[in-house]
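Peer 1: Protein chains in written order, with numbering that gives the first Met the number 0: chain A, 0 to 326; chain B, 0 to 326; chain C, 0 to 322; chain D, 0 to 322.
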Amino acid sequence: MSKLKYFLALNRAIREEMSRDENVVLIGEDVGESGGIFSQTRGLYNEFGELRVRDTPIAEGGFVTMAVGAAATGLRPVIEIGFGDFVTACMDGLVNQAAKLRYMLGGQVKVPLVLYTFSGGGLAAGPQHSQCLESWFAHIPGLKVISPSTPMDLLGLFKTAIRDDDPVICFLGKQLVGTSGDVPQDTKDYLIPLGKADVKIEGKDITIVTFSQMTPIVMKVAESLKSNNGINAEVIDLRSISPLDIETVIKSVSKTGSLCVVQESQSPCSVASEVISKVVEYDSKILFKNPLRITPPFTPSPFSPNLENIYRPSQVSIESKILKLFQ
Amino acid sequence: MSKLKYFLALNRAIREEMSRDENVVLIGEDVGESGGIFSQTRGLYNEFGELRVRDTPIAEGGFVTMAVGAAATGLRPVIEIGFGDFVTACMDGLVNQAAKLRYMLGGQVKVPLVLYTFSGGGLAAGPQHSQCLESWFAHIPGLKVISPSTPMDLLGLFKTAIRDDDPVICFLGKQLVGTSGDVPQDTKDYLIPLGKADVKIEGKDITIVTFSQMTPIVMKVAESLKSNNGINAEVIDLRSISPLDIETVIKSVSKTGSLCVVQESQSPCSVASEVISKVVEYDSKILFKNPLRITPPFTPSPFSPNLENIYRPSQVSIESKILKLFQ
Amino acid sequence: MTKIDSTLAKTLLEKLWEVRLFEENTSRLYKEGVLPGFVHLSLGQEACAVGACQALQESDFITSTHRGHGHCIAKGADLNRMMSELYGKETGYSKGRGGSMHIADVNAGILGANGIVGQSTTLAIGAALSFQTKKLDNVVLAFFGEGASGSGAVHEAMNIAGIWKLPVIFFCESNKYAELSPFDVHVPIKNISDRSKGYGFKGITIDGNNLVDVYSNVLEAVKLARNGNGPTLIEAKTNRWHGHYEGDPQKYKPSSELDEKNWDDPIIKFQDFIKKEKIISETEIDKIKEIVDKKIIEAIKFAEQSKNPSAEILLEDVYASDF
Amino acid sequence: MTKIDSTLAKTLLEKLWEVRLFEENTSRLYKEGVLPGFVHLSLGQEACAVGACQALQESDFITSTHRGHGHCIAKGADLNRMMSELYGKETGYSKGRGGSMHIADVNAGILGANGIVGQSTTLAIGAALSFQTKKLDNVVLAFFGEGASGSGAVHEAMNIAGIWKLPVIFFCESNKYAELSPFDVHVPIKNISDRSKGYGFKGITIDGNNLVDVYSNVLEAVKLARNGNGPTLIEAKTNRWHGHYEGDPQKYKPSSELDEKNWDDPIIKFQDFIKKEKIISETEIDKIKEIVDKKIIEAIKFAEQSKNPSAEILLEDVYASDF
Ligand SMILES: Cc1ncc(C[n+]2csc(CCOP(=O)(O)OP(=O)(O)O)c2C)c(N)n1
Ligand SMILES: Cc1ncc(C[n+]2csc(CCOP(=O)(O)OP(=O)(O)O)c2C)c(N)n1
Ligand SMILES: [Mg+2]
Ligand SMILES: [Mg+2]
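#1: Collect the residues with a C-beta less than 7 angstroms away from any heavy atom of ligand 4 and give them in sequence order along the chain.
#2: Would you call Gln127 of chain B buried or exposed, if buried means 16 or more other Cβ atoms sit within 10 Å of its Cβ?
#3: Output, in chain order, the set of chain D residues within a Cβ distance shorter than 9 angstroms of Ile162 of chain C.
#4: Which bits of chain D does Thr298 of chain A rub up against, with CB to CB less than 7 angstroms?
#5: What does Tyr92 of chain D touch in chain B if you count any residue whose Cβ is under 9 angstroms from its own?
#6: Below 8 angstroms CB to CB, which residues in the same chain sit around Ile13 of chain B once its five sequence neighbours on both sides are set aside?
#7: Nearer than 6 angstroms: is that true of the beta carbon of Ala70 of chain B relative to any heavy atom of ligand 1?
#8: For Ala156 of chain D, which option in D:Leu232, D:Leu110, D:Glu84 has the closest C-alpha, if you only look at C-alpha atoms?
#9: As a quick exercise: from D:Phe322, D:Ile278, D:Ser309, pick the residue whose alpha carbon is nearest that of Ala8 of chain D.
#10: Check each candidate in B:Asn228, B:Leu258, B:Asp152, B:Gly194 and name the one with the smallest Cα separation from Gly180 of chain B.
#11: Between the Cα of Tyr331 of chain B and the Cα atoms of B:Gly172, B:Thr159, B:Gly27, which residue gives the shortest distance?
#12: Please tell me whether Asn190 of chain C has its Cβ less than 7 angstroms away from any Cβ of chain B.
#13: At a Cβ threshold of 7 angstroms, is Phe302 of chain B touching chain C?
#14: Which term fits Ala220 of chain C, buried or exposed, when burial requires 16 or more other beta carbons within 10 angstroms of its beta carbon?
#15: Inspect the beta-carbon positions of Leu306 of chain B and Leu313 of chain C and report whether they are closer than 7 angstroms.
#16: Would you check whether ligand 2 has a heavy atom nearer than 6 angstroms to the C-beta of Glu28 of chain A?
#17: Buried or exposed: where does Glu259 of chain C fall if 16 or more other Cβ atoms within 10 Å of its Cβ makes it buried?
#18: Suppose only complete runs of 3+ residues qualify. What are the beta strand (DSSP E) ranges in the stretch 99-135 of chain A, listed by chain order?
#19: Cβ of His65 of chain D versus every heavy atom of ligand 2: is any distance shorter than 6 angstroms?
#20: Counting only beta-carbon atoms, is Asp4 of chain C nearer than 7 angstroms to chain E?
#21: Under 7 angstroms between beta-carbons, which chain D residues line up against Asn95 of chain B? List them in chain order, please.
#22: Within its chain, find whatever has a CB closer than 7 angstroms to the CB of Pro140 of chain A; leave out the 5 residues flanking it on each side and keep chain order.
#23: Which residues does DSSP pair with Ala232 of chain A in a beta bridge?
#24: When the cut-off is 7 angstroms and only beta carbons count, does His101 of chain D lie next to chain C?
#25: Quick one: is Val182 of chain A buried, meaning 16 or more other Cβ sit within 10 Å of its Cβ, or exposed?
#26: Quick check: what's the CA-CA separation for Leu286 of chain B versus Phe287 of chain A?
#27: Can you grab the Cα-Cα spacing for the pair Ala177 of chain C / Lys74 of chain D, in whole Å?
#28: Could you give the DSSP three-state label for Cys169 of chain A: helix, strand or coil?
#29: Run through DSSP, which three-state label would Cys52 of chain C get?
#30: Would Val208 of chain A pass as a contact of Val144 of chain A if the rule is Cβ separation under 7 angstroms?
#31: To be precise: take each residue of the stretch 303-318 of chain B, compare its Cβ to all Cβ atoms of chain C, and keep it if any distance is under 7 angstroms. Which residues remain?
#32: Any contact of the stretch 287-295 of chain D with the stretch 113-132 of chain B, i.e. 3+ C-beta pairs under 8 angstroms?
#33: Quick one, which of D:Asn261, D:Gly227, D:Gly207 has its alpha-carbon nearest Ala235 of chain D's?
#34: Give the residues from the stretch 112-143 of chain C that approach chain A closer than 9 angstroms (Cβ to any Cβ), ordered along the chain.
#35: Taking 6 angstroms as the cut-off, does the CB of Gly50 of chain D come closer than this to any heavy atom belonging to ligand 1?
#36: Would the beta-carbon of Gln326 of chain B fall within 7 angstroms of that of Val220 of chain B?
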């Protein structure tokens with residue numbers, strides 16, 4: 000094992016896969032010579048050249064659908080959309096093209112592309128630069144959605160995503176960019192399958208399901224609940240949003256009898272709604288308490304740090320809501 | 000009461016509101032002189048003139064954001080997007096502009112616009128012309144979402160939406176276009192408040208929640224369950240998706256102990272997920288059976304009528320799934 | 000002017016008739032209630048499809064629109080599988096899952112018709128990107144309409160293609176109407192081709208009903224693109240004889256345009272040219288039509304005898320790998 | 000050439016300094032860690048903001064971008080409330096909910112800065128639509144960057160504005176960079192203004208560092224728009240002195256561009272002009288800067304003394320009516 004930063008895990012995943020397969024290309028705004036706004040793509044332009052690493056104009060709709068056309072004709076594009084909020088500009092390419100092309104054309108093509116974007120709050124970036132929109136894509140057949148919380152998961156899932164023959168959308172956590180974590184020494188063929196959740200902490204009293212930037216916070220909550228309140232929470236990091244590893248969640252809830260989903264995204268029609276629905280559809284009797292969603296209030300994400308701190312689920316707010324369940 | 004067709008209810012709602020308030024304008028592709036592809040806007044161009052009824056070029060992204068700018072400066076635009084699938088082209092205008100402008104600008108503006116679109120399948124229109132995407136918008140604070148199933152509801156909700164000071168997205172049922180229904184004689188001020196579900200049929204054995212084109216089908220299911228199986232289903236037509244009238248659903252489930260949501264949209268992260276989650280969060284003990292979602296399989300909407308008939312929930316398929324709950 | 004020899008003339012004429020008769024029969028079958036869904040026909044625009052595709056090689060690609068039958072036929076799609084797809088049958092190109100708006104034959108270089116206006120151009124630059132990146136000398140031709148020219152997608156595609164000098168031809172079938180509304184609702188200038196200057200490449204407006212004009216101009220654009228000199232925008236002025244969709248009452252058209260006598264027929268135009276230049280004989284001309292007639296009847300029979308797609312086909316091909 | 004009298008010159012110079020000193024102080028405060036989030040400064044581009052807005056009336060509107068401080072100041076926003084917004088305080092224009100990228104003062108005709116590149120133009124045509132529909136003779140000016148010009152939104156806005164002859168001015172601050180990449184990554188031609196022909200209206204490229212040029216060209220465009228003659232596209236070539244955002248290491252710029260000595264200073268340019276034409280005296284010039292200096296200090300004090308937004312502010316203004 001060695002230590003690697005989250006954004007460098009992304010960089011390494013792309014580099015290794017570009018070295019392995021010359022059909023992998025990188026496309027996006029400022030991913031080229033400048034190396035990206037978080038330095039996430041640095042070095043790749045020099046290593047792979049201007050044909051395989053392309054700085055685009057500001058035209059997310061255009062270059063995402065372009066990538067679909069490229070994927071259907073033999074390339075394996077990796078596309079960057081800087082902020083998760085800007086997916087609004089490329090929905091057609093993802094939803095009406097990438098997700099449906101294979102089905103619509105009778106299976107004649109595959110669309111192996113990966114789109115990654117930095118999502119979520121915590122940087123006082125304001126209402127148009129802080130959203131979490133992964134739930135939209137989980138609603139769409141034909142797409143796969145991942146959201147890794149650690150450098151290791153990012154590396155393993157991203158490499159799998161690049162090798163996957165379907166379109167995969169990867170929501171990275173903005174606040175995680177600079178965080179460090181263990182990764183294997185040799186990662187060349189380090190792959191984590193899509194659709195497998197990770198039980199971060201085992202416990203018998205409550206199942207807390209979460210993903211992306213909320214994972215490290217929820218882990219602190221679990222530690223605190225244990226040492227301060229004697230509550231043993233089981234923490235599940237979904238990692239994949241679609242496919243969703245509901246088996247792991249159900250197994251856990253069957254043991255704990257209690258379910259809480261913590262996410263930074265809005266609550267209605269979301270991953271949290273889906274997890275809860277799937278569990279009670281399976282068997283509503285395994286719940287001994289009412290399930291709980293911990294999400295931001297139903298407002299846009301505010302700029303001012305003191306408001307953003309109230310808006311986003313925090314260790315304190317999560318803890319106090321969970322403790323109420325145990326009163 | 001008099002009879003009116005669904006598409007003419009839309010026409011009348013727009014006409015009456017345009018007569019009442021000169022700030023109401025109609026904008027969209029072919030909404031003008033030609034009167035719209037389903038004749039839904041016929042006569043409006045002649046009555047209100049070229050300044051207030053505008054045929055746009057094919058630029059959904061552009062004219063939706065334009066409408067946001069217009070709404071923020073005093074107009075009350077009604078916008079048509081022909082098929083629900085094309086909202087992919089105007090997500091930024093709806094989600095990053097319309098939904099957030101008021102909040103983001105400190106409450107200095109309001110954004111009174113209504114966007115309507117024809118959604119859903121049943122016309123063998125294929126994968127890019129049959130989707131139901133209302134769940135995406137219910138996920139977004141700042142937007143309101145409605146989906147009426149009858150001419151009366153369409154008329155009353157749409158007029159309310161036009162008078163509402165917030166952006167409202169209205170998903171109309173494509174298959175409902177030519178259906179007829181009662182409307183009040185004088186509809187000038189006939190308003191139905193947003194956020195109120197309609198109990199279409201009362202029953203004590205199961206609560207079936209639905210909306211839009213599924214409503215008439217579910218009503219037939221309920222009739223058949225009653226006469227053939229002695230099962231009394233309570234049918235709730237949500238009408239509003241956001242705000243969502245969960246009180247009415249909870250009241251019903253408290254009585255029936257059993258919940259089924261039928262929708263034409265995809266299942267994951269959807270209105271159905273939301274309804275089920277909200278009910279069990281409120282009190283999972285009120286459910287005596289596991290809740291059930293009846294939705295299409297997780298595939299794009301196919302063209303061929305025989306596949307589309309399998310894809311979409313039908314009276315037969317809904318009935319047999321509900322009957323299983325009672326075995 | 001490009002030389003048209005007798006072999007080429009026969010091919011071109013055969014293709015023209017294939018498009019014409021395929022569309023006429025589709026119109027009839029739709030009217031008879033045999034075909035489900037929506038169909039958008041390209042009657043009157045045959046010279047665009049045939050002229051443009053003839054200038055391409057088999058390994059070149061096209062992308063197409065909701066009005067794509069002509070393009071697909073011209074690029075070499077199989078009439079049987081096309082017709083079968085319109086019927087929604089299992090032997091159709093999309094196994095019945097796509098219908099008229101989604102016909103593709105990737106082996107023949109048809110990346111598919113597409114139901115979202117404008118996206119033919121963005122998908123096209125994607126295929127062009129593949130070719131450029133892999134250092135292949137293939138080119139891509141994107142069909143789109145004058146209505147589509149108002150969409151941001153088309154602008155973004157042309158801008159990117161201009162910057163990267165992608166091997167792509169933007170072929171605009173400027174057919175006077177987009178759905179129910181005329182040219183000037185969509186375009187504030189006379190010729191859309193004027194926009195190419197804004198992207199740093201060549202643009203030209205031509206008579207889209209003149210097959211030889213279309214063919215020779217696209218040939219030139221293909222040469223530029225194949226040699227690494229980037230895109231061309233070709234605007235072909237043409238006419239959509241039928242409604243936007245079959246069944247469209249076309250109230251928005253002046254009656255003169257509805258009168259067949261006034262139609263500028265690209266096939267007659269080409270046949271007149273052939274006759275004048277004495278490239279092939281009149282009997283040969285007639286024979287071509289007869290042969291095509293049979294092929295279409297064959298295609299209809301094929302479609303009718305094909306099975307409806309089975310329930311498994313509904314669930315297939317959503318993903319290429321595990322989900 | 001437009002006549003600049005002493006009153007006008009004083010106003011212009013004051014505005015120039017307001018922008019300059021506001022931005023310099025913002026830069027300093029950001030570096031000191033006082034300001035949260037991201038800020039994008041318009042240092043070097045002051046003549047664009049001031050010249051363009053001076054050509055408008057108070058009841059005319061502007062729309063702005065992520066780099067909007069200068070535009071807002073020039074159109075008459077209150078420095079105190081602006082600075083307070085950058086601090087995230089309750090007295091800010093957005094009550095602390097928007098920040099640097101969302102400053103608006105609708106009473107002053109500022110429909111808001113916007114964080115989504117390109118949408119300043121589509122929001123602008125919306126305001127222009129309001130004016131045209133209500134038969135008011137106001138106009139709207141949309142600021143956008145050369146990077147934004149590649150987006151479909153800008154094309155759709157210009158096309159619609161061209162067709163409907165909306166009273167709008169498209170003002171492109173062509174400042175050589177979009178984020179970290181130079182002009183030619185985004186634009187395949189020399190002058191973006193060439194694109195206006197494709198939309199049927201006038202386009203011109205000007206020196207965006209020359210205040211008088213900017214002012215007089217926008218005046219002319221405003222006259223056209225106000226008289227119902229539709230849009231103009233003005234491309235003002237200028238320079239972004241600082242990074243894309245404060246903190247940007249700017250490794251992508253050649254060192255000559257980073258050297259202040261090489262900066263083409265619009266304020267010095269304008270002051271030289273004033274001096275040469277003897278419009279106002281040097282002491283007056285110096286006094287203006289002093290006055291502005293005080294205003295900015297005032298604004299910072301106002302911001303610092305303002306309260307952080309209370310929790311209720313988080314929940315307010317999501318909807319204008321019941322939800
Ligand atoms: C994004 C999008 N908007 C609207 C439509 C509906 N629509 C289908 S065809 C069409 C008109 C297209 O006009 P044009 O590009 O001129 O092509 P033509 O039909 O004349 O071949 C429209 C508006 C669509 N399919 N996609
Ligand atoms: C739709 C969208 N894509 C990308 C971004 C990220 N972004 C912010 S500013 C910017 C560059 C804009 O360049 P330009 O239009 O030239 O304006 P300038 O920054 O030079 O003022 C980019 C890409 C964004 N905010 N919105
Ligand atoms: Mg057309
Ligand atoms: Mg710039």
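Note that CB positions come from ideal geometry on N, CA and C, so glycine has one too.
Peer 2: Taking the definition as stated:
#1: Qualifying residues, in the order they occur: D:Gly144, D:Glu145, D:Gly146, D:Glu172, D:Ser173, D:Asn174, D:Lys175, D:Tyr176, D:Ala177, D:Arg239.
#2: The residue given as residue 127 of chain B occupies position 128 in the second sequence. The C-beta of Gln127 of chain B has 16 or more other C-beta atoms within 10 Å across all chains shown, which makes the residue buried.
#3: Taking the first residue of the third sequence as 1, we reach residue 162 of chain C at position 163. Residues of chain D passing the Cβ test: Gly149, Asp183, Val184, His185, Val186, Pro187.
#4: Residue mapping note: residue 298 of chain A aligns to position 299 of the first sequence, counting from 1. Result: Leu313, Leu314, Val317.
#5: Here residue 92 of chain D refers to the residue found at position 93 of the fourth sequence. Under the 9 angstroms cutoff, chain B gives Leu104, Gly105, Gln107.
#6: Position 14 of the second sequence, counted from the start, is the residue given in the question as residue 13 of chain B. Answer for Ile13 of chain B: Val23, Leu25, Thr40, Leu43, Val77, Phe157, Ile161, listed in chain order.
#7: In the second sequence, counting from the first residue as 1, residue 70 of chain B sits at position 71. Not so, every heavy atom of ligand 1 lies at least 6 angstroms from the Cβ.
#8: Here residue 156 of chain D is taken as the residue at index 157 of the fourth sequence, counted from 1. Check the Cα spacing between Ala156 of chain D and each of D:Leu232, D:Leu110, D:Glu84: the tightest is with D:Leu232.
#9: For this step, residue 8 of chain D is matched to residue 9 along the fourth sequence. For Ala8 of chain D, the closest of D:Phe322, D:Ile278, D:Ser309 by C-alpha to C-alpha distance is D:Ile278.
#10: What you label residue 180 of chain B is simply residue 181 of the second sequence in a count that begins at 1. Nearest C-alpha to Gly180 of chain B: B:Asp152.
#11: Residue 331 of chain B cannot be examined here, being either before or after the span of chain B that is shown, 0 to 326.
#12: Taking the first residue of the third sequence as 1, we reach residue 190 of chain C at position 191. Look at Asn190 of chain C: its C-beta is not under 7 angstroms from any C-beta on chain B.
#13: The residue you call residue 302 of chain B lines up with position 303 of the second sequence. It does; some Cβ of chain C falls within 7 angstroms.
#14: One-based indexing of the third sequence puts residue 220 of chain C at position 221. With 16 or more other Cβ atoms within 10 Å, it is buried.
#15: Here the question's residue 306 of chain B lines up with position 307 in the second sequence. Here the question's residue 313 of chain C lines up with position 314 in the third sequence. Judged by their CB atoms, Leu306 of chain B and Leu313 of chain C are nearer to each other than the 7 angstroms cut-off.
#16: For the purposes of this step, residue 28 of chain A is identified with residue 29 of the first sequence, where counting begins at 1. It does: the Cβ of Glu28 of chain A is within 6 angstroms (strictly closer) of some heavy atom of ligand 2.
#17: Locating residue 259 of chain C in the third sequence gives position 260, counting from the first residue. By the neighbour-count criterion, in which a residue is buried when 16 or more other Cβ atoms sit within 10 angstroms of its Cβ, Glu259 of chain C is exposed.
#18: With a minimum length of 3 residues, the continuous beta strand (DSSP E) runs that stay inside the stretch 99-135 of chain A are 113-118.
#19: Sequence index remark: in the fourth sequence, residue 65 of chain D carries index 66 (1-based). A distance criterion of 6 angstroms places the beta-carbon of His65 of chain D in contact range of ligand 2, judged by its closest non-hydrogen atom.
#20: Among the protein chains in the structure shown, which are A, B, C and D, there is no chain E.
#21: For the purposes of this step, residue 95 of chain B is taken as the residue at position 96 of the second sequence. Within 7 angstroms Cβ-Cβ: Ile115.
#22: By 1-based counting over the first sequence, the position of residue 140 of chain A is 141. Taken in chain order, the residues that qualify are Ala98.
#23: The sequence position of residue 232 of chain A within the first sequence is 233, counting from 1. In the DSSP output, where bridge partners are listed per residue, Ala232 of chain A has A:Ile205.
#24: Mapped onto the fourth sequence, residue 101 of chain D falls at position 102. Not an interface residue.
#25: Within the first sequence, the letter at position 183 stands for residue 182 of chain A. Here Val182 of chain A is buried: its Cβ has 16 or more other Cβ atoms, across all protein chains shown, within 10 Å.
#26: Sequence index remark: in the second sequence, residue 286 of chain B carries index 287 (1-based). Sequence index remark: in the first sequence, residue 287 of chain A carries index 288 (1-based). C-alpha separation (whole angstroms): 13 angstroms.
#27: Numbered from 1 along the third sequence, position 178 holds the residue referred to as residue 177 of chain C. Numbered from 1 along the fourth sequence, position 75 holds the residue referred to as residue 74 of chain D. Ala177 of chain C and Lys74 of chain D: Cα-Cα distance of roughly 40 angstroms.
#28: Counting from 1 along the first sequence, the entry for residue 169 of chain A is found at position 170. The DSSP-derived three-state label of Cys169 of chain A is strand.
#29: Looking up residue 52 of chain C in the third sequence gives position 53. Reduced to three states, the DSSP call for Cys52 of chain C is helix.
#30: Counting from one through the first sequence, the residue named residue 208 of chain A turns up at place 209. Counting from one through the first sequence, the residue named residue 144 of chain A turns up at place 145. For Val208 of chain A and Val144 of chain A, no; Cβs fall outside 7 angstroms.
#31: Correct list: Ser303, Pro304, Asn305, Leu306, Ile309, Tyr310.
#32: Fewer than three Cβ pairs drawn from the stretch 287-295 of chain D and the stretch 113-132 of chain B lie within less than 8 angstroms of each other, which leaves the two stretches out of contact.
#33: As a first step, residue 235 of chain D must be located in the fourth sequence, where it is residue number 236. In this structure, D:Gly207 is the residue among D:Asn261, D:Gly227, D:Gly207 with its C-alpha nearest to the C-alpha of Ala235 of chain D.
#34: Residues are counted here when their Cβ sits less than 9 angstroms from a Cβ of chain A; for the stretch 112-143 of chain C these are Asn113, Gly114, Ile115, Gly117, Gln118, Thr120, Thr121, Leu122, Ala123, Ile124, Gly125, Ala126, Ala127, Leu128, Ser129, Phe130, Gln131, Thr132, Lys133, Lys134, Val139, given in chain order.
#35: Position 51 of the fourth sequence, counted from the first residue, corresponds to residue 50 of chain D. Gly50 of chain D has its Cβ no nearer than 6 angstroms to any heavy atom of ligand 1.
#36: Against the second sequence, residue 326 of chain B aligns to sequence position 327. Against the second sequence, residue 220 of chain B aligns to sequence position 221. No, they are not a contact pair.
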